[in-house]
Amino acid sequence: MNEFISRRRSKAARIGILTLALIFLYLPITMLIVYSFNASKMVTVWTEFSLKWYGVLIHDDAMIRALGISLTIGLLSAAASVVIGTLAAFVMTRVHHFTGESAFMLFMTAPMVLPEVITGLALLLLFVTLGDLVPVFQERGIIAIWIAHVTFCSAYATVVIRSRFIELDVSIEEAAQDLGAGPVKVFFLIMLPALMPAEVAAFLLSFTMSMDDLVITSFVAGPDSTTLPMQIFSSVRRGLSPEINALASIIIAVASIGTFIGWLSLVRKQKRMEADAAKAAEEARRERERLKA
Amino acid sequence: MPTGIAGSSALLRRRRLARFAPKRRKKEIKVLVQETTWRDWALVALPYLWMLLFFLMPFLIIFKISMSVTEIAIPPYSPIVTFKEGAMQIILHLENYTSIFTDEDGTYLKSYLKSLQVAFFSTLLCLLIGYPIAWALANCKTATRNVLFMLIIMPSWTSFVVRIYAWMTLLKRDGLINDILMVLGIIDEPLHMLQTDFAVYVGIVYCYLPYMVLPLFTALMKVDYTLIEAAYDLGCRPVRTFFSVLVPQTRSGIMAGSMLVFIPALGEYVIPELLGGKGSILIGRILWQEFFNNRDWPLASAVAIVMLTILAIPIVYFLKSQRKARERV
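Sequence lines, in order, name chains P and V. Note that numbering that gives the first Met the number 0 gives residue 239 to position 240 of the first sequence, counting from 1, and the numbers run on in steps of one. Note that numbering that gives the first Met the number 0 gives residue 308 to position 309 of the second sequence, counting from 1, and the numbers run on in steps of one.
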């Protein structure tokens, strides 16, 4: 009886905590979306429903241009980060000990925790110093931003891909090698298909990080390459505007749809794996019975 | 805690085996462990070079530039090495560091202390708020847990600036929170919340909470709950059970989460800039101002170097603990 009460109480506590947490996390976002449909220019006073601010947003050329730049950099950075992340994860899990290993580990994990102002300043000063030798760095355009983004995105990509690498079954690779497959073939035919979910997750994560970065990009970017977060930041600094609400609602919608699809595929995969395991157990049981008989 | 044989790395295990193996085989085993082929090097090369060039090099350059002074030139700092009449001169200026530490108003020292204070208390707040959330999450049924987990992660996939902007509209003088409190009759006059330290704390906790919840959740999923039942059976009270059974088992999660909040929060720029007032001059803001408004690159570099020195201990600790966790897998 005592246990029953404490369990029920713990369930109530759980529901309470999670409700409060979700309110805290979602109240600001919800209010943002609600007021994006407000006709008034005031962000906090509700007058009537209107799609006016979405119209204003579509005709804001600077914002659209910034979106284009951000998307370009985001896709390029995600692609490069996945390649570097795969290589780094491979090295970390398959090649065990080499000279300078701990330095390598440091480089691959430090960009994730360092304050962004330091990384941004460091990269800018590097580009300025290298600018004399390599003219690409001088202009501080899309390529410079891309390099900066790949540097921190690949750290995240490595973590994601590495966690999948650990789960891979080495014996399958060894079997392929025994049957005469070269290392390149083994990688593309055996490892890559098994790594695919992690590669996709790492791509999406890097893309989001790159699309979202403000501080590092502000340091590195020249005057002609304003990305979306920079544009939002400068307009927010000038004051609150319902146009930002409209833009924010679109970003939130895209992000939530993306997260939902990702989550759905993850859950489905989990279920399939459970079903497969059950099927295999069932078959093994039948086989045993058949042998017994 | 996985200690002893189960927790040791593959290398250790090999070494241990080697000790018991006949002498002749020892050499063979050593070769197996240490030799790196050219193929391995080819694989390491791209990520390694990338990080050397774009991560280590920049820090050396920051250090170099922090030793020079501003000049009206492109780039706006004095060269360290100069050639004059056939003589090579290396001039290292230490002015930037002395001005950080002996500044009359103490602006820099004050903002370092303020940043440490804000980072510390936000970490504590995240821990106090995040622990119950992670606990509730870890104790749910699998299906519910999947949904809730997604819901807690999702806000961090939306834009950072947008999340701060959302709080700006809520905390405003005529924002929703003030409106509700006025309607309820709790306050007569709108509270001044935006552009205070309070707003900075709210912003940091809001943005960094998932980084605290995730490692705590991972740690709580691994907890051996039979130990808690045993503690209860032996008459241990909930509070004591929490501190002497649950906390030690989730120590790695607590430390990882705290570092993931503390280190970035110390250098935070966007949150104090948008939510904080004139009083919340954190070191990230100082660095930004020196760099963009005063165009004093050497001073900004010196500020960054001092910040790095402060962060060295927590960063190294964090990386070491991550490494330990990796080796356990």
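Each residue gets a CB set at the ideal place from its N, CA and C atoms; glycine is no exception.
DSSP-derived helix/strand/coil call for residue i
i, result
"P/I32", "helix"
"V/N293", "coil"
"V/T157", "coil"
"V/T225", "helix"
"V/T195", "coil"
"P/T128", "helix"
"P/T301", "No answer is possible for residue 301 of chain P: the residues shown for chain P start at 0 and end at 292."
Cut-off 7 Å between Cβ atoms - residues of its own chain near residue i, not counting five sequence neighbours on either side
i, result
"P/Q176", "V185"
"V/E272", "R284"
"V/E289", "D295, L298, A299 and V302"
"P/M91", "R161"
"V/S320", "S251, M254 and A255"
"P/E286", "none"
"V/T308", "none"
"P/L31", "N244, A247 and S248"
"V/P209", "I151, I152 and S155"
"V/V212", "G129, I132, A133 and I151"
Boundaries (first-last residue) of the beta strand (DSSP E) holding residue i
i, result
"V/A86", "A86 to I89"
"V/V269", "Unbroken run through V/V269 is the alpha helix (DSSP H), V269 to L273; no beta strand (DSSP E)."
"V/F82", "V80 to K83"
Cut-off 6 Å between Cβ atoms - residues of its own chain near residue i, not counting five sequence neighbours on either side
i, result
"V/I203", "S121, A264 and I270"
"P/W45", "N37"
"P/L129", "F136"
"V/G275", "V199"
"P/T225", "A65"
"V/W287", "Y268"
Residue range of the alpha helix (DSSP H) that includes residue i
i, result
"V/V117", "T106 to A137"
"P/T157", "I141 to E166"
"P/T226", "From DSSP, P/T226 is part of no alpha helix (DSSP H); its letter is neither H nor E."
"V/F261", "R250 to L265"
"P/R202", "The amino acid occupying residue 202 of chain P in the given sequence is Phe; Arg does not appear at that position. Its alpha helix (DSSP H) spans residues L191 to D211."
"P/T258", "P241 to K291"
"P/Q176", "V169 to D177"
"V/I285", "I282 to W287"
"P/P110", "E100 to V112"
"V/N177", "L175 to V182"
"V/I61", "M56 to I64"
"V/P75", "Per DSSP, V/P75 belongs to no alpha helix (DSSP H) and is neither H nor E."
"P/D60", "D60 to R93"
"V/F148", "T141 to I152"
"V/L93", "Looking at the DSSP string, V/L93 is not in any alpha helix (DSSP H), and its letter there is neither H nor E."
"P/L188", "Run containing P/L188: none; DSSP gives neither H nor E here."
"P/L56", "K51 to I57"
Per-residue burial, residue i [other beta carbons within 10 Å of its own, 16 or more giving buried]
i, result
"V/E331", "There is no way to answer for residue 331 of chain V, as the model of chain V reaches only from 0 to 328."
"V/R250", "exposed"
"P/R13", "buried"
"P/F164", "buried"
"P/S264", "exposed"
"P/N244", "buried"
"P/V133", "exposed"
"V/A255", "buried"
"P/P228", "buried"
"P/S80", "buried"
"P/E198", "buried"
"P/E288", "exposed"
Proximity winner among the options, relative to residue i (alpha-carbon distances)
i, options, result
"P/P110", "P/K270, P/M210, P/R13 and P/F151", "P/F151"
"P/L122", "V/W49, V/N292, V/V305 and V/L233", "V/W49"
"P/W145", "P/L75, P/F232 and P/D211", "P/L75"
"V/V161", "P/G84, P/F206 and P/T29", "P/T29"
"V/I282", "V/D196, V/L108 and V/Q321", "V/L108"
"V/I186", "V/I312, V/I176 and V/Q194", "V/I176"
"P/T118", "P/D212, P/S255, P/S170 and P/E198", "P/D212"
"P/G84", "P/G221, P/L26, P/V159 and P/R289", "P/V159"
"V/K277", "V/T157, V/F119 and V/F197", "V/F197"
"P/K10", "V/L215, V/E267, V/T143 and V/L190", "V/T143"
"P/R267", "P/M208, P/P196, P/L290 and P/I249", "P/P196"
"V/I314", "P/R284, P/V112 and P/Y155", "P/V112"
"V/I163", "P/K278, P/L239 and P/T71", "P/L239"
"P/A220", "P/V253, P/G181, P/P182 and P/G140", "P/G140"
"V/L261", "V/L59, V/F62, V/I152 and V/L124", "It is worth fixing the name first, because residue 261 of chain V is Phe in this sequence and not Leu. Comparing Cα-Cα distances from V/F261 to each of V/L59, V/F62, V/I152 and V/L124, the minimum goes to V/L124."
"P/L191", "P/S209, P/M208 and P/I171", "P/I171"
Cutoff 8 Å; reference residue i; Cβ partners in own chain excluding five residues on either side
i, result
"V/Y76", "I64, S67, V68, T69, E70, W296 and P297"
"P/L321", "The requested residue 321 of chain P does not occur in the structure, where chain P is confined to residues 0 to 292."
"P/D275", "none"
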